[in-house]
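Report on one structure; see the data block that follows.
Numbering (the UniProt record's numbering), first residue to last: 1 to 561.
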């Protein structure tokens with residue numbers, strides 16, 4: 001659908017029938033499992049994240065929506081903590097020992113333990129709701145697809161009661177739930193590389209598939225695999241292309257990540273069991289997050305901002321019935337903290353007269369990061385007329401507020417928008433199905449298709465027998481990458497037209513037929529063609545209008561840098 005020319009290659013022949021290699025079947029299963037994860041409303045992750053030495057392990061049990069909103073439990077050295085992540089920010093409700101463990105002063109540790117606290121998003125190494133956002137994580141699971149390196153396929157094993165096939169690509173080992181008798185699960189023994197008799201633990205001990213090995217089709221009976229043989233007559237026509245297997249959207253049951261092979265080298269490994277959240281579970285997650293947004297996050301504090309009162313707090317003017325305290329507060333942000341645009345703080349003044357409390361007040365201040373701000377607070381009292389001297393004093397305590405009203409409203413809008421998007425996700429499960437495909441397209445075209453669909457390029461969305469490159473937000477998507485501008489020209493009359501050679505090739509008519517077939521299959525649903533070049537987008541838009549094609553919106557979207 002990107003417009004590249006597909007190149008057919010002769011399939012392997014086993015027992016006189018075409019078959020796919022074990023790796024191609026495994027990649028197909030992995031692609032469909034990636035789509036299943038990316039299109040699910042959310043995921044539950046249960047497992048561990050460890051340091052390279054293995055001396056520190058964090059256990060997590062988190063529910064994270066497809067877009068990266070999440071809540072759950074984090075456990076470190078027996079200390080259970082509540083976690084919430086939204087809009088790129090992370091919050092923690094943790095006991096006092098944890099805050100002392102991460103180096104906070106005892107007084108600060110006690111304050112932080114009394115409420116939700118904003119933390120650096122990567123405090124535990126992973127930014128959970130960003131790095132584990134299912135729509136993002138799903139795309140990352142097959143780095144070998146980009147490098148061209150082969151997959152490593154392990155032996156099936158049980159994960160939470162589901163028979164699962166471990167597939168290693170780069171620093172990711174993904175366990176995909178499989179059907180009994182699937183060809184990718186059949187061992188392909190070789191004298192040089194015998195298949196182990198016991199389950200293999202990825203990622204470091206996976207047995208590679210012997211070069212050139214193949215397996216019977218998934219609907220064949222189990223048995224020994226004969227060597228791959230091609231027709232002996234070199235003049236005979238190539239066998240017909242192998243039809244794609246039925247689309248089976250496997251579930252990802254477990255993901256192992258070797259962070260030493262990734263940019264996050266400060267981590268060792270992550271070992272996470274995964275399961276899809278249902279729409280109802282995801283709605284409950286959003287409801288719980290909204291409740292926390294309206295209550296707990298309003299009073300949350302920032303764990304990485306420290307305050308200092310500059311000089312002495314000035315008490316002036318002061319008299320027998322009132323006094324005003326004036327303070328200048330400066331802030332210091334820890335080096336690992338996120339870089340906020342402004343620091344929001346609550347300054348609490350507590351007054352005493354001869355040691356006895358006589359009043360207090362709180363002031364809200366805004367200051368630049370690593371900057372300062374001044375504020376004041378009045379108090380009224382009555383000094384006894386006994387001829388003696390009396391002492392008025394004040395203590396000042398400043399607390400960094402993680403959130404301010406406008407930010408709270410922004411978070412609530414994000415949660416609500418994700419709830420609206422959930423309806424589109426569930427609708428997508430009703431109108432069509434994801435199917436594996438192989439255009440034989442260029443790497444550049446595949447990258448652009450993935451940019452538009454948000455999914456691996458090896459899959460398409462099929463509606464009423466017609467394929468689209470993707471589906472999202474209630475819109476059927478198609479991607480047209482770089483190169484289409486060469487197919488059109490702009491005449492002196494200001495009208496676009498297909499190049500003569502392009503029209504004579506028949507490909508222009510195929511483009512129009514593709515659009516008309518999609519409009520018919522969509523049955524009134526919106527369609528967008530995303531075009532990588534502005535000239536091509538303008539040409540296709542004008543030509544569709546002239547050809548009477550309605551129902552396709554042309555959008556110019558340049559490739560990501």
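Glycine residues also receive a C-beta, built at the ideal position from the N, C-alpha and C atoms.
* Taking the DSSP output, what are the residues bridged to residue 488? -> For this step, residue 488 is matched to residue 488 along the chain shown. For residue 488, which the question treats as bridged, DSSP gives the partners 498.
* Asked: What are the start and end residues of each continuous beta strand (DSSP E) run of 3 or more residues lying completely inside the stretch 242 to 319, in chain order?
  -> If we require 3 residues or more, the beta strand (DSSP E) runs fully inside the stretch 242 to 319 come out as 252 to 258, 269 to 277, 305 to 309, 314 to 318.
* Simplified DSSP state of residue 419, which is helix, strand or coil -> Mapped onto the chain shown, residue 419 falls at position 419. Reduced to three states, the DSSP call for residue 419 is helix.
* **Spatial distance of residue 200 from residue 271 (CA atoms)** => Taking the first residue of the chain shown as 1, we reach residue 200 at position 200. Taking the first residue of the chain shown as 1, we reach residue 271 at position 271. Because the pLDDT at residue 200 is just 30, under 50, the model does not fix this residue reliably, and the point stays unresolved.
* Going along the chain, which residues of its own chain have a beta-carbon closer than 6 Å to the beta-carbon of residue 457, five neighbours each way excluded? -> The count along the chain shown starts at 1 and reaches residue 457 at position 457. Cβ neighbours of residue 457 beyond the five flanking positions: 446, 449, 450.
* Any heavy atom of the ligand MN within a distance shorter than 8 Å of the CB on residue 436? -> Inclusion of the ligand MN in the displayed structure is not the case, the ligand content being empty and no account of it being possible.
* Boundaries of the beta strand (DSSP E) in which residue 71 is found, first to last residue -> As a working note, residue 71 is residue 71 in the chain shown. Counting along the chain, residue 71 sits inside the beta strand (DSSP E) bounded by residues 70 to 76.
* **Alpha carbon of residue 435 to alpha carbon of residue 32, nearest angstrom** => Within the chain shown, residue 435 is the residue found at index 435, counting from 1. Within the chain shown, residue 32 is the residue found at index 32, counting from 1. So the alpha carbons of these two residues sit roughly 7 Å apart.
* Asked: Can you list, in chain order, the residues of its chain whose CB lies under 8 Å from that of residue 71, leaving out five sequence neighbours each side?
  -> Along the chain shown, one-based indexing puts residue 71 at 71. Around residue 71: 62, 63, 82, 83, 84, 85, 285, 288, 289, 292.
* Roughly how many angstroms separate the alpha carbons of residue 93 and residue 80, rounded to a whole number? -> In the chain shown, residue 93 corresponds to position 93, counting from 1. In the chain shown, residue 80 corresponds to position 80, counting from 1. Cα to Cα, residue 93 sits roughly 9 Å from residue 80.
* Does DSSP classify residue 330 as helix, strand or coil? -> Position 330 of the chain shown holds residue 330. Strand, per DSSP.
* Run of the beta strand (DSSP E) containing residue 92, from where it starts to where it stops -> Mapped onto the chain shown, residue 92 falls at position 92. 89 to 93 is the span of the beta strand (DSSP E), which, as asked, contains residue 92.
* Asked: Under a Cβ-count criterion, where at least 16 other Cβ atoms within 10 Å of its own Cβ denotes burial, should residue 416 be classed as buried or exposed?
  -> As a first step, residue 416 must be located in the chain shown, where it is residue number 416. Counting Cβ neighbours within 10 Å, residue 416 comes out exposed, since fewer than 16 surround it.
* For residue 642, which of 454, 506, 401, 549 has the nearest alpha-carbon? -> With the chain represented from 1 up to 561, any question about residue 642 goes unanswered, as that position is not in the structure.
* **C-beta atoms of residue 373 and residue 393 nearer than 9 Å** => On the chain shown, position 373 is the one that residue 373 refers to. On the chain shown, position 393 is the one that residue 393 refers to. Taking 9 Å as the Cβ cut-off, residue 373 and residue 393 do not qualify as a contacting pair.
* Alpha carbon of residue 473 to alpha carbon of residue 557, nearest angstrom -> On the chain shown, position 473 is the one that residue 473 refers to. On the chain shown, position 557 is the one that residue 557 refers to. Each residue's Cα considered, the two are about 17 Å apart.
* Counted within 10 angstroms of its Cβ, other Cβ atoms place residue 304 as buried (16 or more) or exposed -> Taking the chain shown and counting its residues from 1, the one referred to as residue 304 is at position 304. When all chains shown are included, residue 304 counts as buried.
* Given a cut-off of 9 Å, decide if residue 377 and residue 347 are closer than it, judged by their beta-carbon atoms. => Start at 1 with the first residue of the chain shown, and residue 347 comes out as number 347. Start at 1 with the first residue of the chain shown, and residue 377 comes out as number 377. Remark: C-beta atoms of residue 347 and residue 377 approach each other more closely than 9 Å.
* Asked: Candidates 37, 102, 60, 407: which alpha carbon is nearest residue 140's?
  -> The residue labelled residue 140 in the question sits at position 140 within the chain shown. Measuring C-alpha to C-alpha distances from residue 140 to each of 37, 102, 60, 407 identifies 37 as the nearest.
* Quick one: what's residue 43 bridged to in DSSP? -> To locate residue 43, count along the chain shown from 1; it is residue 43. In DSSP, residue 43 forms a bridge with 64, 276.
* Please determine, among 119, 47, 361, 275, the residue with the shortest C-alpha to C-alpha distance to residue 302. => Counted from its first residue, the chain shown places residue 302 at position 302. Checking every option, the nearest Cα to that of residue 302 belongs to 119.
* Closest to residue 25 by CA distance: which of 479, 370, 152 is it? -> Walking along the chain shown from the start, residue 25 turns up at place 25. In this structure, 152 is the residue among 479, 370, 152 with its C-alpha nearest to the C-alpha of residue 25.
* Taking residue 348 as part of the alpha helix (DSSP H), name the residues at either end of that continuous run. => The residue labelled residue 348 in the question sits at position 348 within the chain shown. Note, residue 348: premise wrong, no alpha helix (DSSP H); beta strand (DSSP E) at 343 to 353.
* To do: Please go through the stretch 92 to 180 and give each complete alpha helix (DSSP H) segment of 4 or more residues, from N-terminal end onward.
  => For secondary structure counted as the alpha helix (DSSP H) over 4 or more consecutive residues, the stretch 92 to 180 holds these complete runs in sequence order: 96 to 101, 106 to 113, 128 to 131, 134 to 140, 144 to 147.
* Tell me whether the beta-carbon of residue 467 lies closer than 9 Å to the beta-carbon of residue 532. => Working through the chain shown from its first residue, we reach residue 467 at position 467. Working through the chain shown from its first residue, we reach residue 532 at position 532. It is not a contact, given that the beta carbons lie outside the stated cut-off.
* Asked: Just curious, the alpha helix (DSSP H) that residue 451 is in, first and last residue?
  -> For the purposes of this step, residue 451 is identified with residue 451 of the chain shown, where counting begins at 1. Taken as a continuous stretch (DSSP letters only), the alpha helix (DSSP H) holding residue 451 covers 443 to 453.
* **For residue 556, the residue or residues it bridges with in DSSP** => Walking along the chain shown from the start, residue 556 turns up at place 556. Looking at the DSSP output, residue 556 bridges to 531.
* Asked: When you compare only the Cα positions, how much space is there between residue 172 and residue 45?
  -> Indexing the chain shown from 1 puts residue 172 at position 172. Indexing the chain shown from 1 puts residue 45 at position 45. Going by the C-alpha atoms only, they are around 15 Å apart.
* Could you have a look at residue 505 and say whether DSSP puts it in helix, strand or coil? => Here the question's residue 505 lines up with position 505 in the chain shown. Note: residue 505 maps to coil in three-state DSSP.
* Asked: In the DSSP assignment, what are the bridge partners of residue 397?
  -> To locate residue 397, count along the chain shown from 1; it is residue 397. Paired residue(s): 348.
* Could you spell out where the beta strand (DSSP E) holding residue 573 opens and where it closes? => Outside the shown range of the chain, which is 1 to 561, sits residue 573, and nothing can be said about it.
* Go ahead and pull the three-state DSSP assignment for residue 56. => Here residue 56 refers to the residue found at position 56 of the chain shown. Three-state DSSP puts residue 56 in coil, outside helix and strand.
* Own chain partners of residue 521 with C-beta closer than 8 Å, once the 5 adjacent residues on each side are dropped -> Residue 521 sits at position 521 when you count from the first residue of the chain shown. For residue 521, the CB contacts under 8 Å within the same chain, skipping 5 residues up- and downstream, are 463, 464, 465, 466 in chain order.
* Asked: Going by C-alpha distance, which of 88, 91, 113 is nearest residue 100?
  -> If you number the chain shown from 1, residue 100 lands on position 100. It is 113.
* To do: Could you check what DSSP says for residue 477 in three-state terms: helix, strand or coil?
  => Locating residue 477 in the chain shown gives position 477, counting from the first residue. In this structure, residue 477 counts as strand in the three-state DSSP scheme.
* Looking at C-alpha atoms only, which residue of 498, 161, 77 is the closest neighbour of residue 275? -> On the chain shown, position 275 is the one that residue 275 refers to. Looking at the Cα atoms, 161 is the closest of the given residues.
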